[in-house]
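Colleague: Protein chains in written order, with UniProt numbering: chain A, 1 to 985; chain B, 1 to 264.
1) Quick one: is residue 555/A buried, meaning 16 or more other Cβ sit within 10 Å of its Cβ, or exposed?
2) If you draw a straight line from the C-alpha of residue 360/A to the C-alpha of residue 48/A, how long is it?
3) Within 9 angstroms of any Cβ in chain B, is that where the Cβ of residue 27/A sits?
4) Of all the beta strand (DSSP E) runs that stay within the bounds of the region 694-782 of chain A, which reach a length of 3 or more residues?
5) Classify residue 101/A as helix, strand or coil using the three-state DSSP reduction.
6) Look at the alpha carbon of residue 59/B and the alpha carbon of residue 166/B, and state the distance between them as a whole number of angstroms.
7) With 16 as the cutoff for other CB atoms within 10 Å, does residue 118/B come out buried or exposed?
8) Under 8 angstroms between beta-carbons, which chain B residues line up against residue 905/A? List them in chain order, please.
9) Which two residues bound the contiguous alpha helix (DSSP H) that contains residue 266/A?
10) Nearest chain B C-beta to residue 941/A closer than 9 angstroms, yes or no?
11) Quick check on residue 449/A: buried or exposed, where buried means 16 or more other Cβ atoms within 10 Å of its Cβ?
12) What first and last residue would you give for the alpha helix (DSSP H) that runs through residue 627/A?
13) Contact check, residue 901/A vs residue 862/A under 8 angstroms by CB: the rounded distance?
14) What's the C-alpha gap between residue 182/A and residue 281/A?
15) DSSP on residue 545/A, reduced to helix/strand/coil?
16) Below 9 angstroms between beta carbons: does that hold for residue 574/A and residue 512/A?
17) So, at 6 angstroms on beta carbons, what are the nonlocal neighbours of residue 941/A in its own chain, with the 5 sequence-adjacent residues on each side left out?
18) Indicate the three-state DSSP secondary structure (helix, strand or coil) for residue 37/B in the structure shown.
19) When the Cα atoms are used, what is the spatial distance from residue 394/A to residue 856/A?
20) Need the endpoints of the beta strand (DSSP E) that residue 881/A sits in, please.
21) What three-state label does DSSP hand residue 632/A in the structure shown?
22) Looking at the structure shown, is residue 427/A part of a helix, part of a strand, or coil, going by DSSP?
23) Spatial neighbours of residue 343/A within its chain, please: CB distance less than 6 angstroms, with the 5 preceding and 5 following residues excluded, ordered by chain position.
24) Is residue 891/A close to chain B, meaning its C-beta is less than 9 angstroms from at least one C-beta of that chain?
25) Shorter than 9 angstroms from the beta carbon of residue 147/B to some beta carbon of chain A?
26) At what residue ranges does the region 824-878 of chain A contain a whole run of the alpha helix (DSSP H), taking only runs of 4 or more?
27) Less than 8 angstroms between the CB of residue 491/A and some heavy atom of the ligand HEM, yes or no?
28) To be precise: take each residue of the region 857-877 of chain A, compare its Cβ to all Cβ atoms of chain B, and keep it if any distance is under 9 angstroms. Which residues remain?
29) Output yes if chain A places a C-beta closer than 9 angstroms to the C-beta of residue 248/B; else output no.
30) Looking only at DSSP bridge pairs, what is residue 502/A linked to?
31) Using CA coordinates, which residue listed in 510/A, 330/A, 324/A is at the minimum distance from residue 409/A?
32) To the nearest angstrom, report how far apart residue 571/A and residue 505/A are at their CA atoms.
33) Find the nearest neighbour of residue 248/A within the set 238/A, 378/A, 269/A, 256/A, judged by alpha-carbon distance.
34) Thinking just about the alpha-carbon of each residue, which of 407/A, 135/A, 353/A, 374/A is nearest to the one in residue 990/A?
35) Can you give me the start and stop residues for the beta strand (DSSP E) that residue 682/A sits inside?
36) Check whether chain E comes within 9 angstroms of residue 165/B, counting only Cβ atoms and requiring the distance to be less than that.
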């Protein structure tokens, strides 16, 4: 009996350790998930370094982030992500305690408390017309003891109180064609100069009293040559401009209200002129720079407004703003890239010949050129000036240099991810193991004793901390080899800067990064854009020795017919294998389901002229492709015209582009939506690599329903033309939303449903035989989510076993594209509370595990919602059988359970996309959410039914077994003794 | 990893940085109070000047703020006008987010959390932040029906339907969309607190006993101590018969299974 109970006990123990974990306990944060915070490419930085207190820097970025960073470590003190259309125009620090931001084209001015980032005030500025936005925070300009901020935006000059954001005075500049270029406030005076161009050949100067906005003087002078581009202020009453040809430099001085021009042809300054120049504005007194093609020329303006070239260089040069270091002295920095090093020079504005500082810093080649530099000074122990420089590199990273060293660096390129794919890690072989074994038995035992204490909740706070750090430091998860469960992978991400990163899923560290040359600005390609990432080679089976590689697709410029660029990168080493500059454009990329003998996947690139190009360009690939020639179909969506077209291949290219791998295409079908009533706003298909476990669905009363599973289904949502705007712009009567299910091979519309009184934006996800979409219901003024499930009726009669046995089924009957598929759809709608940014669905290796929807909400959180809640078979009162099947009673809205937030108490600021990747373990899926922040976690939509959780306490199990064994032997000896006594009696 | 710290391995850098953030936030808590003081003073000042382009809390509020700054978020009872018309077709929506103190004090009460609250109009078309006193405003909003959402970690806010009418500006028409409750003024309060983590049950004897393990042990103990008692009360004759019966049926006894058990 003891043995029996022991077994039962063991089994019970085993199951009790698998107790349902609905979500996360607070101490499990960081075990399988990681969260990284980024900023984006810095476009302005302002230092805040007082003699006492923390050294900090305020930055604004291209991702509309304003943040305060610690200058010692580069950590974020606070950060705010503004709205996507709330672009930051300028930042500054006022009164030493407020961060002032000007955003939304100069119409919103906000002040943030410097230490904690709390918004202090917000002002809305309006003006008569659109214009350049300029923010100026004069240090010692006061109106009634009130420090002011000067803003020029939307054709109006405003003086705003620093303390509460009140507009103190305003002055309109309504001149028809006046384009204000600069607002200059000479230090120490109460004057403001507003300079600009009017009707392309007039130079206008306004002198304004800063205390009350009164116009003191207005002068204008004509210059027949016209003006081009920006102006650079060189002195407080002198600016430099270019004439309309870009060949003559104009020094415009407006001292005492008299405007005088002085022309200097660039050819007089430099002998070999390289065509039109461009002014690089700088705030350094007496110094400015121009750029002609790749040549940068730094020019000094002497007191008599004479220009002289002080430097001419072929290197890309960045110049910092002026930094006042002492009475009347200004320092500025120049930085250049030369090979593996960057050269930093700090000079005084009036003394070009001497360097205050000259340093060379070794810099990773994959950071590219220096794009921006900001400098700050400190006083060394020997009372001399030291300088620190904050630099922004081509790959959008941010670095702090001090004393010739990189103090810290931030990979802020990761804030703007364009596309993500995954790659397996190398297989663990003998000798390449990097596992760290526990030092000795004692350590191991100690660790397990601690864990045991934790389980029995006897641990002291120190013990808990020790356990937590032990769990987090688990070296297993960041190993560089493939694991049994497939949790360890590489996330390959392509950023907007054209840099490729490989992140380890274990802890998110960067394994390698590579700046793609094909996506860098060059003479051939001025504005390269990264488009997509594809798995090029995924070795398994017979090509195990090859390293996997990815295909990066980019194009040159935003136009649709810009030539494409391909790049192939090895995902183990992070080296570029090869790159191709294409002659054709890339409109669409179709990864084909065929691979060649080296496991290279065939890709079909469709260009803007509707030619198809096959890659790789090998004879083998062509022969595989020709075999499958007639089975390749695709569709294209023209949202502007409201047309969806289906295409197939026709034959080899004819004409001048004749090429072995070029094919002509033909149009098969087209669906034209009535342009006056419907506008395409969303199209979604199934993921190409999705696995469906079973086609049949057994429902409550032993009935079988067959899912209509087709890879060629397309979900299209259209809205009424009026309803394509924002919420609140239409009434429910004049807006509707139509959802279609279209077969992309035949062009047949399988299902169409209209939601009256609804409008976009529509976010949808398609998986197996269902599609879920999110839209706005104007009548209820709430968001709604609908589900459509599509079932195959033609096979519904096959459920009789006898028919199958007797061969009376229709499984072998031919399927024709011309016959209408016999499908039925079921659908249902529910209210959903939040706005949605993106929706994804979990995916697992075999597709057995039930699905969860991953909803990226407007609050930048990711909510996991079980698909069961979006089941069209839900009814208000489900029958007993339906309840047993797991059908939830129908409610009008979808539940939001806080514990099912995948991101728990974190935010993935600026959320843009959610990617799910199956792990090898069927129950588990890997989730990667990216935006300005990155977040990764493992999810088990139906709990981990196929493995023990990390919490499983092996020590407790061992101890229980030992205790039981001891108990067995004890009772055995006792019974022996008793039996002996019995026998003696 | 977000950054690599100088002279430290990546791992150390990471944990170190987390600590730094913690220190930073606790410092912020202290500074918030002083900030509130300043803010209240500004309001007074602006009143004196009579400038009124932006709607602000009235001076009664600022007096309260100056008096009881730490509780400032809670004591504000007077309402602010919710709309002010701007130019011809653009209106301002002003409102307030109020987080009652009863909520959020337990669990992970993050200091400075008011600064992490975002208010979103029409699904992110406009995003604004809260002033220290919880007020927010959207500028240049066209007339129509709009949706305001509040995103605050730790709280569940219902979206609010707001009607901005061109005919009678200044009229408040707001309703929570979750429960269709009308709001007389645009003061948004969380419907409930959100707890993102499961709570670990504290250790207790009862929970241990109730667990399968505990039950099993209890059962075993009961068998071990009660069975002999039962056996004692049995008639020795009957017991012997039962034992013999068991042996004849060949039920494996413990002693025969264990090594050395075969001796008997």
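Positions of the beta carbon are idealized from the N, C-alpha and C atoms, including for glycine.
Modeller: From the atom records:
1) buried
2) 26 angstroms
3) yes
4) 696-698, 704-707, 713-719, 736-743, 749-756, 758-767, 770-777
5) strand
6) Low confidence applies to residue 59/B: its pLDDT is 38, below 50, so where it sits in the model is not reliable, and the reading given next is rough at best. C-alpha separation (whole angstroms): 29 angstroms.
7) buried
8) 108, 153, 154, 196, 197
9) 266-269
10) no
11) exposed
12) 619-627
13) 7 angstroms
14) 10 angstroms
15) coil
16) yes
17) 842, 849, 850, 852
18) Here the model assigns residue 37/B a pLDDT of 34, short of 50, so the residue's position is not dependable, and the following value carries that caveat. Helix at residue 37/B.
19) 30 angstroms
20) Residue 881/A -> not in any beta strand (DSSP E); alpha helix (DSSP H) instead, spanning 880-885.
21) coil
22) coil
23) 336, 360
24) no
25) yes
26) none
27) Of the ligands one can find in the structure shown there are none, so the ligand HEM has no counterpart to examine.
28) 857, 858, 859, 860, 861
29) no
30) 492/A, 512/A
31) 510/A
32) 14 angstroms
33) 269/A
34) For residue 990/A there is no data in the structure shown, the boundaries of chain A being 1 and 985.
35) 679-685
36) Going by chain labels, chain E is absent from the structure shown, which instead holds the protein chains A and B.
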